[in-house]
Each structure stands twice: as C-alpha cells, then as structure tokens.
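Number 86 in the numbering used here belongs to position 92 of the sequence shown; there are no gaps in the numbering. Glycine included, C-beta positions come from ideal geometry on N, C-alpha and C. Take a look at the structure set out below.
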Amino acid sequence: MANQMIMGNQAIALGALKAGVNLVSGYPGTPSSEIIEYVAKYRKQTGTYVEWSVNEKAAVEVAAGASYAGARTLVTMKQVGLNVAGDPVMCLAYVGVKGGMVIVSADDPGPISSQTEQDTRRYGEFSKLPVFDPSSPEEAYEMIQEAFEFSEKYSTPVLFRPTTRVDHGYASMDIPELPKAREIPGFEKNTQRWVIFPRTSYMNHRIIFERNTNVLPEEFSKLPYNKIENNSNPDSNLGIVTGGVSYAYVKEALALLGKEDTPVLKIGTPYPFPKFIAEDFLQSKSHVLVIEELDPVIEDALIQLKGKENLGCTIHGKYDKKTTEAGEYSVELVKKFIASFLSIDLEDQSALQSPELPVRPPVLCAGCPHRASFYAVKQAMKNEKTVFCGDIGCYTLGNAKPLDMCDTCLCMGADITMAQGFFHAENDRHCFSFIGDSTFFASGITGVVNAVYNKSRQTICILDNSTTAMTGHQPHPGIGLTMMDDITEKISIEKILKAIGVEPVLTVNPFDQKTALEAVKECDSHDGVSAIIFKSPCIALLSKEEFKEFRKKPAEVNLEKCIGCKKCVNETGCPALCFDFDSKKATIDSTMCTGCSLCSQVCPVNAISCQQLFCADFKNDNNC
-5 MANQMIMGNQ AIALGALKAG VNLVSGYPGT PSSEIIEYVA KYRKQTGTYV EWSVNEKAAV
55 EVAAGASYAG ARTLVTMKQV GLNVAGDPVM CLAYVGVKGG MVIVSADDPG PISSQTEQDT
115 RRYGEFSKLP VFDPSSPEEA YEMIQEAFEF SEKYSTPVLF RPTTRVDHGY ASMDIPELPK
175 AREIPGFEKN TQRWVIFPRT SYMNHRIIFE RNTNVLPEEF SKLPYNKIEN NSNPDSNLGI
235 VTGGVSYAYV KEALALLGKE DTPVLKIGTP YPFPKFIAED FLQSKSHVLV IEELDPVIED
295 ALIQLKGKEN LGCTIHGKYD KKTTEAGEYS VELVKKFIAS FLSIDLEDQS ALQSPELPVR
355 PPVLCAGCPH RASFYAVKQA MKNEKTVFCG DIGCYTLGNA KPLDMCDTCL CMGADITMAQ
415 GFFHAENDRH CFSFIGDSTF FASGITGVVN AVYNKSRQTI CILDNSTTAM TGHQPHPGIG
475 LTMMDDITEK ISIEKILKAI GVEPVLTVNP FDQKTALEAV KECDSHDGVS AIIFKSPCIA
535 LLSKEEFKEF RKKPAEVNLE KCIGCKKCVN ETGCPALCFD FDSKKATIDS TMCTGCSLCS
595 QVCPVNAISC QQLFCADFKN DNNC
C-alpha cells in the first residue's frame, strides 16, 4: 500500500471500491462531484460500472434495479439533488433492497455553492433511512464500508452524509489494494417483495418502525463512530456533544483552549439516534453543549431523550443561542462557543487579526459565451416589459450588473415553468427563460412539454456550452461520450424541442451578435413557445484539441480611435476589460482575453480589433 495525500471524495470512492461496489451512478453537484470521477479512474481494475445519469432520480432508479439483482450500488449527489431523487428514495425505504445500496448526499453548509442549507440528516428521519455522518476523510473511507454492510444486513438503502470540508479536505492515507467488484447473485422474481403494493408498504412500515426504534439505536450505540471521550473524571459535569466535521473543530478548539480533557460525545450515526450511549453520557452531566452545523438534529434527539428518560441535565445549543443556527462553522467560531460554555475569558485578539479581504463577487469568465447570449437578449428587449427567469449553473451569474439578466432563480428547470406562470398571470409580459444544456437534459424537458401543452407564450434560451461547466466539466447526453469512455449517440436538443412542438427553434453563435439579436426578435414575435440555442463551447474547454478552431488571439484597443466612453466596460462586465483613468482609454488584459469579439461589436467607434478569422467566421467584418 502506498501512502498518499488524498481528497475526501477520493477516500469515499476508495472505500466503496474496497467494499466491492458493482455500480456507481450519480449527477454532478458540488461538493460531491469528484466521487464518481475517482471511481472511474479505477473502474477497469475493479470492473465497476459507472455513469453520470441524466439526473438524481434516474441515478437512484438505475442503482435500485442493480441492487434488486444483488449488486452493491453507490449513488452520489449534493443535498438539493436529494430533493430530485426524493420519489424513488422514499419508496425504496419501504420496498428495501437486496444488494447494499449507499446514497451519498453531500451537504453544503454556508451554503458555498448551493441554493439551500438543507440537512440530509433530517431527510434520514423523514425517509426512515439510516444516516452515516463522517467527520474526516479517513473516517469516511472506513464508514462507507460499514454502510454497505448495514444496508445488506437490514435490506435498506443507507444515506451517507459528508459535508463540504470532508469532501474537499485532504488526509494522508494508505491507498488499499482494490478487489474486483462483487459477484452479483442475480434477480429473483417476487412480486410480493418488489412491487410496492399498498399492503406491502403498510406491513413494511411496521417492520421499519421496529428496526429504527428498538434495533438500530442499540446497535449504533456500539459502533466505534459513536464514542465517549474523557469521561473518566466523576467531577466532569460539563460535556460537549458533536458530530460530523464539527467533531474535528471541537477537538482542535479544545486543544487551543488547553481543555483536551473535556468530556466529548461524538455522534457518527445521527439517525436512528444511538440513544443508549447518549443516555450514558447525559446521566453524569449537568450541562451539555451541542455543536453541529445546520439543523439541531442531535440537539433535538438529546432533548427528546432527556424528557423521555427524565434526565436532569440541561441541553444547550442552537435553541438558546449558545451556537449559531446557520452557516458554516470553523475552529475559531467553535472555540468561542466552547469558551463561553466553559466560562473561559478569551484574550482580545482583534489587534492580531488580519484585515478583511476585499469582496470579490463571482463573475462570468472572460470570453464566456453566456455573457454574449445575455447581452443579445438584453439589447433586443430594450424598453419592453420583460421577465428573465434564470436557472442553476454558471448562467446564474447573469444576475450580476451590468448584465442584470436574472430576475428569478429557484431550482433546476424552474426557469422554463416559472416563465409560464408569469405569462398566465401577465400575458403582456415578454417571458424568457435561460437554461444550460446539461440542466436541460436533467430537468428542463418536462417544462417544455408543459409549456407547449398549456399554450404558453415564451422564449426558451438554451445556453449550450457543450459541458456541465460549473461542477467541473462533466459530460452529459448532448456530448456523445459516457463515463465508461464509450462513444454514444449525441442527443440533439434541437430535435427534442421540435419533436415537442416548439416553433421556431433557432441555433446561433452568441458571439455573432447581429444574428443573435435577430434570432431573439424573431422568436419573441412568435405567438407560442419558441427557442434559441446559443451554442458556443465553454472557454475552459479551449485547451482541448477538439475545440482548437475556437482559439483566438486577444483583442486589442486602438488608442487613437478609443473615445473613452467606457461602453465596452460598462455594458459587458467582462473581467478582461479595464479603463485606464490616466489615459482615459479602454485597455484589455491579454492574459485573460480569449478574443471572443463581444467587446469589438459593442464598441461604437470600432476601436477594438480582434482576429480577422474569427470575424470572418461569424460574418462580422464591420468591427475588425
């Protein structure tokens, strides 16, 4: 075995492979995306099948079928993806599985890159599924193997809940020898088990209740992931209860405070709650501080346990404001919680603190085709009563000024259906929706069907950059390549739209602004559902050989022609564009500029030149 520094997501992947996982499916979503990518690196060695599914619901259902045949399966997603997968997950809780099935739902405290701060531990309670909550990459590696064993022992899916700092943290670990994927025993037909009849659900509900109420709490209390530390001192009437990555923060904070001997209860399986070990801990305590990110899951369980068993300790945490109720924790923040709880005066360290860094708002990359797409629609719809419904992805950044082209953003696919709501409420409003190519396949198609069927009037803008960009450039059905490196049929967005009944469907390069502008006006004039596919590759793909024809030289400013109007800067918001206040001229950062030509088309005096080939390609000779 070789010792390496590895990412938490790699540790999760290795743990699943060590458990002999047969099939891995999922949908990209930060912070979980790398798990599947790491599995794919070892797939030939282990014989594991791996796929990016079209969305999380499909991923769970693919894994369920394989699990019914006895395969060990892993499904990966982020916390909001669990909402998409909710239907099959809830049903699987009642039907059960045959082969071990672990569903990784990575939570994102902060949130750093998500719409919500929802807590997968709550979903475990709701769905009646066991939840494993690792505190470190090392523990994640061991724990996910245990999760597979529990899944098979109790014929139930198991939720595995790492958070961002576990997923993206690094640890020094021995890389194990990986076995071949397990032999699959095969599917045995049994409609009484595999068909979810109402009576079946009723009977299984009773079994699940008994399991979660009486069996697993006792078994979980014996697991090494739930443990009491430093509880030998009979005078230690104060204690800390924690779980997940917060456990790591607690341990470091206690060391910084010189209070390493403080009693700590670590909870690694928050549902069903390991009440027996928790009761042992609470019996010797007068006050307990609960430190956990997101929801007060552990705190609620302890309060319930205290009341049921008539224990005399007081539980502190989010409810009495001893810890914060939202946001991501840190060692420094946890140190403050503990210091207050233990009545430790912290020295004023304000003079030693570094000054706050300037705010750097997220922005579309220089040369991003989405900027040109938004700009074309904005120019075409000047002075009109509009609504621009956005979606989840890089194109959410269209909300930033100066573009200001994202009036709403709710969840994946909602742009298309929300625009319909606006139209039916205000039929004089020009309704536009913006969705990416990957998101279109994941959750946009049903919205298009609904729009045509219910006679909406709207223009659907598909921002097709040939990748799933925001989560790390994963493939999707429109690419023609699978995670197994198989060449497959490219699914045509244009053909799908036309088959549904969308008319017209126009495909344009957004950097050809004249054509793009005309396309927007044509579609908007249509009385029904129309669509524009703005097609140009993500600039991060330009290093790849297949996109070499899109590489251009940086644009240049002719200082003699430039009148210092700042239109290029103020209207595009491109980070490669600057304004020199000494010379009162526009400048271009050649290290960032991709030569996309948008600024040259915006300039009113043709002061910005770009590569002639690019302009000829897109019939835009005026500005070159």
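* Do the region 464 to 480 and the region 355 to 372 make contact, defined as three or more Cβ pairs closer than 8 angstroms? -> no
* Sub-9 angstroms separation of Ser26 and Thr67 beta-carbons -> no
* Asked: By how many angstroms is the C-alpha of Glu341 removed from the C-alpha of Leu251?
  -> 11 angstroms
* To do: Please report how far the alpha carbon of Ile602 lies from the alpha carbon of Gly589, in whole angstroms.
  => Straight-line Cα distance between these residues: approximately 11 angstroms.
* Rounded to a whole number of angstroms, what is the C-alpha to C-alpha distance between Thr390 and Gly20? -> Going by the C-alpha atoms only, they are around 23 angstroms apart.
* Own chain, CB closer than 7 angstroms to Leu11, minus 5 neighbours either side, in chain order -> Only Val33, Tyr36, Thr40, Thr42 and Leu172 meet the Cβ criterion.
* Asked: From which residue to which residue does the beta strand (DSSP E) around Ile261 run?
  -> Val258 to Ile261
* To do: Grab me the residues of Ser584's own chain with a C-beta within less than 6 angstroms of its C-beta, minus the 5 sequence neighbours each way, in chain order.
  => Pro548
* Asked: By Cβ distance below 7 angstroms, which residues in the same chain neighbour Leu607 in space, the five residues on each side in sequence not counted?
  -> For Leu607, the predicted structure reports a pLDDT of 40, less than 50, and the residue's modelled location is therefore unreliable. The matter cannot be settled from this model.
* Asked: To the nearest whole angstrom, what separates the beta carbons of Ala247 and Val189, a pair I think is in contact under 8 angstroms?
  -> 52 angstroms between Cβ atoms; not a contact.
* Proximal residues to Asp458 (C-beta, below 6 angstroms), its chain only, five neighbours per side dropped -> Asp431, Ile527 and Lys529
* **Residue span of the alpha helix (DSSP H) that contains His199, given as start and end** => Pro192 to Glu204
* **Range covered by the alpha helix (DSSP H) that runs through Ser427** => Not the alpha helix (DSSP H): Ser427 falls in the beta strand (DSSP E), residues His424 to Gly430.
* Would you decide whether Met(-1) is buried or exposed? Buried here means 16 or more other CB atoms lie within 10 Å of its CB. => exposed
* Asked: For Val291 versus Asp113, is the C-beta distance shorter than 9 angstroms?
  -> yes
* Do the CB positions of Ile29 and Asp127 come within less than 9 angstroms of each other? -> no
* **Phe275 burial status per 10 Å Cβ neighbour count (16 or more: buried)** => Buried, by the Cβ-count rule.
* **Span separating the alpha-carbon of Ser145 from that of Tyr62** => 13 angstroms
* Asked: Since Gln(-2) is in the beta strand (DSSP E), which residue starts that stretch and which ends it?
  -> Ala(-4) to Met1
* Would a C-beta distance cut-off of 9 angstroms place Leu232 and Val284 closer than the cut-off? -> no
* Asked: Which class does Gly415 belong to by DSSP, given the choice of helix, strand or coil?
  -> helix
* Per DSSP, which one or two residues make a beta bridge with Met71? -> Ser99
* Own chain residues within Cβ distance below 7 angstroms of Val569, not counting five before or after -> The question names Val, but residue 569 in the sequence shown is Pro. These residues qualify, in order along the chain: Val357, Ala360 and Met586.
* Where the beta strand (DSSP E) through Asp574 begins and ends -> Leu571 to Asp574
* To do: Please report how far the alpha carbon of Tyr59 lies from the alpha carbon of Thr581, in whole angstroms.
  => The identity of residue 59 in the sequence shown is Gly, whereas the question assumes Tyr. When only Cα atoms are considered, Gly59 and Thr581 end up about 58 angstroms apart.
* State the Cα-Cα distance for the pair Phe546 and Pro531, rounded to the nearest angstrom. => At residue 546 the sequence reads Lys, which differs from the Phe that was named. Distance between the alpha carbons of Lys546 and Pro531: 13 angstroms.
* Asked: Out of curiosity, what's the CA-to-CA distance linking Val98 and Gly23?
  -> 11 angstroms
* To do: Note down, in chain order, each residue of its chain lying with its Cβ closer than 8 angstroms to the Cβ of Asp611, except the 5 sequence neighbours on either side.
  => Note that Asp611 scores 44 on pLDDT, short of 50, meaning its location in the model is unreliable; the coordinates nonetheless yield the value given after this. Excluding sequence neighbours, Asp611 sits near nothing in its chain.
* Enumerate in chain order the residues of its own chain whose CB-to-CB distance from Ile557 is below 6 angstroms, with the five nearest sequence positions on each side excluded. => Val599
* To do: Can you grab the Cα-Cα spacing for the pair Lys316 / Gly238, in whole Å?
  => 19 angstroms
* Find out if the Cβ-Cβ distance for the pair Val442, Val514 is shorter than 9 angstroms. => no
* **First through last residue of the beta strand (DSSP E) which encompasses Glu45** => Looking at the DSSP string, the run of the beta strand (DSSP E) that includes Glu45 is Tyr43 to Trp46.
* Inter-residue spacing [alpha-carbon to alpha-carbon] between Ser280 and Leu305 -> 9 angstroms
* Taking buried to mean at least 16 other C-beta atoms within 10 Å of its own C-beta, is Val353 buried or exposed? -> exposed
* Asked: Since His364 and Cys388 are thought to touch, with beta carbons under 8 angstroms apart, how far apart are those beta carbons, to the nearest angstrom?
  -> 6 angstroms
* Asked: On the three-state DSSP scale, how would you describe Gly23?
  -> coil
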